[in-house]
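Only one structure is covered here, and it is reproduced in the block below.
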Amino acid sequence: MTPAGPRKVAAYSAALAGLSLILAACSSGADPASYPEDDIDIIVPFSAGGPTDTVTRMIAEPMSDDLGVQLVVQNVDGAGGTVGAGQAATAEADGYTVLMHHIGMSTAPALYDDLAYDPIADFKPVGLVTEVPMTIIARSDFEPETFEEFVTYIEENADTVTMAHAGEGSASNLCGLLLTDALGVDLTAVPYDGTGPAMAELVGGQVDFMCDQTTNTTGQITAGEVKAYAVTTPERIEALPDLPTTAEGGQEDIAVSVWHGLYVPAETPDEVVTRLTESLQVALADETVIDQMADLGTAPVSEDQATPEAHAALLEEQTATWGDIIGASQGG
Ligand code: ASP
């Protein structure tokens, strides 16, 4: 065999370069200008029937109508939302995998030493969706009747009380940590893959209480299936007007609401992100979505918050804030 001449080598290289361009175009799935041409998977990193799932399904319908393809919800639960977020981080960056996640996106780096993804570097934010109040609720036959009685009961019975949450880094875990910190107690925490299954066990009386978003608790509170003690926002909320705030009960440090946003993998083309942001804004202006959210104690964010810029700014600020809070509470 004789070595190829320089001209032949150049021709081979040109052909190879052409081939790899074609392969790259095929593997990235599509031309961003004609996006979307196929159904889109939207990963919810918690169980079906929980608050993140509920909000996702609310916006998936009008977004599907707007985009002309189906947004298909995929529940990839486990480890406080980090399993689903990890899967989304390594998905093809073609706009056909979108992640819905909440405040847990900003707490995970401080909580998990071995986090497989970087919430800031590995994703492009698409826009914020909603900010949901939380409620402290208990099984219907839990002894305390008022929030003040609940606080006293927890302080006196910390060794026996059980608290449900959706895994380390979940919103319910975060609210639980604020509560145990504020009351200076250690409780037995019972982790689930989402507060959907946790709610079923709470209603069934297998666990004593949890702190969860109104998008998962308003129905059960109104139906009397659980006992509700307080809401974690500075003001009472319209959907549950009789429910006092934690501050009214002297516990202003138990204050948190849960912001949600949509993400795509970091290498996703900007045209694709722009199309998703437009569609998110259409969904958030939809009267049905506004009404459904109001019934569950929340509301869509304003249009200027449903943008990649506002979302990126909040994610960065919250990652720093929660990093400090969690670091301090872990003695770091
Ligand atoms: N968002 C979770 C869920 O959908 C619950 C949580 O974060 O506490 O189940």
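Numbering (my numbering), first residue to last: 107 to 438.
Quick reminder that beta carbons are idealized off the backbone N, C-alpha and C, glycines included.
Going by DSSP, which residues form a beta bridge with residue 369? Locating residue 369 in the sequence shown gives position 263, where the first residue counts as 1. Residue 369 is bridged to 205 and 231.
Say yes only if the C-beta of residue 150 is nearer than 8 Å to one or more non-hydrogen atoms of ligand 1, and no if none qualify. Looking up residue 150 in the sequence shown gives position 44. True, at least one ligand heavy atom lies under 8 Å from that Cβ.
What separation, rounded to the nearest whole angstrom, lies between the Cα atoms of residue 189 and residue 389? Here residue 189 refers to the residue found at position 83 when the sequence shown is read from its first residue. Here residue 389 refers to the residue found at position 283 when the sequence shown is read from its first residue. In this model, residue 189 and residue 389 are separated by some 27 Å (Cα to Cα).
Are residue 234 and residue 394 close, meaning C-beta to C-beta below 9 Å? To locate residue 234, count along the sequence shown from 1; it is residue 128. To locate residue 394, count along the sequence shown from 1; it is residue 288. No.
Whole-angstrom distance between residue 213 and residue 423, CA atom to CA atom: Taking the sequence shown and counting its residues from 1, the one referred to as residue 423 is at position 317. Taking the sequence shown and counting its residues from 1, the one referred to as residue 213 is at position 107. For residue 423 and residue 213, the distance between alpha carbons rounds to 11 Å.
Tell me the DSSP secondary structure of residue 114 in three-state form. On the sequence shown, residue 114 is found 8 positions in, with the first residue counted as 1. In this predicted model, residue 114 has a pLDDT of only 44, less than 50, meaning its place in the structure is not dependable enough to derive any value.
Drop a sphere of 10 angstroms on the beta-carbon of residue 434, count the other beta-carbons inside from all chains shown, and report buried for 16 or more, exposed for fewer. Position 328 of the sequence shown, counted from the start, is the residue given in the question as residue 434. So residue 434 ends up on the exposed side.
Taking 9 Å as the threshold (C-beta atoms), are residue 300 and residue 276 in contact? Working through the sequence shown from its first residue, we reach residue 276 at position 170. Working through the sequence shown from its first residue, we reach residue 300 at position 194. Result yes, Cβ atoms of residue 276 and residue 300 sit closer than 9 Å.
Nonlocal neighbours in the same chain, by C-beta distance under 6 Å from residue 323, ignoring five residues either side: On the sequence shown, residue 323 is found 217 positions in, with the first residue counted as 1. Closer than 6 Å at Cβ, skipping near neighbours: 241 and 243.
Within a Cβ cutoff of 7 Å, which residues of the same chain sit near residue 295, ignoring the five residues on either side of it in sequence? One-based indexing of the sequence shown puts residue 295 at position 189. Cβ within range, chain order: 269, 271 and 282.
Can you tell me whether residue 140 is buried or exposed, with buried defined as 16 or more other CB within 10 angstroms of its CB? Position 34 of the sequence shown holds residue 140. The residue is exposed, with fewer than 16 neighbouring Cβ atoms inside 10 Å.
Proximity winner among 217, 178, 218 and 220, relative to residue 205 (alpha-carbon distances): Counting from one through the sequence shown, the residue named residue 205 turns up at place 99. Ranking the options by Cα distance to residue 205, first place goes to 178.
Continuous beta strand (DSSP E) stretch holding residue 253: start and end: Residue 253 sits at position 147 when you count from the first residue of the sequence shown. It is not in any beta strand (DSSP E) - residue 253 instead sits in the alpha helix (DSSP H) that spans 253-262.
Reference residue 357; option with closest CA among 202, 253 and 404: As a position in the sequence shown, residue 357 is number 251, starting the count at 1. Ranking 202, 253 and 404 by Cα distance to residue 357 puts 253 first.
Kindly list the residues whose CB is nearer than 6 Å to the CB of residue 160, restricted to its own chain and excluding five residues on each side of it in sequence; keep chain order. For this step, residue 160 is matched to residue 54 along the sequence shown. So the qualifying residues of the chain are 321.
I need the DSSP call for residue 420, collapsed to helix, strand or coil. Within the sequence shown, residue 420 is the residue found at index 314, counting from 1. In the three-state reduction of the DSSP assignment, residue 420 falls in the helix class.
Please report the distance separating the alpha-carbon of residue 273 from that of residue 208. By 1-based counting over the sequence shown, the position of residue 273 is 167. By 1-based counting over the sequence shown, the position of residue 208 is 102. Distance between the alpha carbons of residue 273 and residue 208 is about 13 Å.
Alpha-carbon spacing of residue 129 relative to residue 325, whole angstroms: Stepping through the sequence shown from its first residue, residue 129 is reached at position 23. Stepping through the sequence shown from its first residue, residue 325 is reached at position 219. Here the model assigns residue 129 a pLDDT of 40, short of 50, so the residue's position is not dependable, and the following value carries that caveat. Across the structure, residue 129 and residue 325 are spaced so that their CA atoms are roughly 50 Å apart.
Would you decide whether residue 340 is buried or exposed? Buried here means 16 or more other CB atoms lie within 10 Å of its CB. For the purposes of this step, residue 340 is taken as residue 234 along the sequence shown, with counting starting at 1. Label assigned to residue 340: exposed.
Residues of its chain near residue 378, where Cβ-Cβ distance is below 6 Å and the 5 sequence neighbours each way are ignored: Counting from 1 along the sequence shown, the entry for residue 378 is found at position 272. Closer than 6 Å at Cβ, skipping near neighbours: 138, 141 and 201.
Around ligand 1, Cβ to any heavy atom closer than 5 Å, ordered along the chain: 152, 156, 157, 158, 272, 276, 277, 278, 300 and 301
Using three-state DSSP, classify residue 363 as helix, strand or coil. Position 257 of the sequence shown, counting from 1, holds the residue named residue 363. Note: residue 363 maps to strand in three-state DSSP.
Nearest to residue 333 (by Cα), restricted to the options 317, 224, 342 and 345: Position 227 of the sequence shown, counted from the start, is the residue given in the question as residue 333. Of the candidates 317, 224, 342 and 345, the one whose C-alpha sits nearest the C-alpha of residue 333 is 317.
Proximity below 9 Å, CB of residue 196 to CB of residue 218: Mapped onto the sequence shown, residue 196 falls at position 90. Mapped onto the sequence shown, residue 218 falls at position 112. No.
Pairwise C-alpha distance: residue 146 and residue 384: By 1-based counting over the sequence shown, the position of residue 384 is 278. By 1-based counting over the sequence shown, the position of residue 146 is 40. Approximately 15 Å, taken between the alpha carbons.
Best match in 307, 231, 397 and 284 for proximity to residue 432 [C-alpha to C-alpha]: On the sequence shown, position 326 is the one that residue 432 refers to. Measuring from the Cα of residue 432, the nearest candidate turns out to be 284.
Quick one: Cα of residue 364 to Cα of residue 236, how far? Start at 1 with the first residue of the sequence shown, and residue 364 comes out as number 258. Start at 1 with the first residue of the sequence shown, and residue 236 comes out as number 130. About 8 Å.
Do you know how far the Cα of residue 374 is from the Cα of residue 420? Residue mapping note: residue 420 aligns to position 314 of the sequence shown, counting from 1. Residue mapping note: residue 374 aligns to position 268 of the sequence shown, counting from 1. For the pair residue 420 and residue 374, the Cα-to-Cα distance works out to about 20 Å.
With 16 as the cutoff for other CB atoms within 10 Å, does residue 411 come out buried or exposed? The sequence position of residue 411 within the sequence shown is 305, counting from 1. By the beta-carbon neighbour count (other beta carbons within 10 angstroms, threshold 16), residue 411 is buried.
Same chain, Cβ closer than 6 Å to residue 309, neighbours up to 5 away in sequence not counted: Within the sequence shown, residue 309 is the residue found at index 203, counting from 1. Around residue 309: 331.
The beta strand (DSSP E) that contains residue 406, what's its start and end? As a working mapping, residue 406 is identified with position 300 in the sequence shown. Run containing residue 406: none; DSSP gives neither H nor E here.
Output the distance between the C-alpha atoms of residue 348 and residue 327, rounded to the nearest integer angstrom. In the sequence shown, counting from the first residue as 1, residue 348 sits at position 242. In the sequence shown, counting from the first residue as 1, residue 327 sits at position 221. Roughly 11 Å between the two C-alpha positions.
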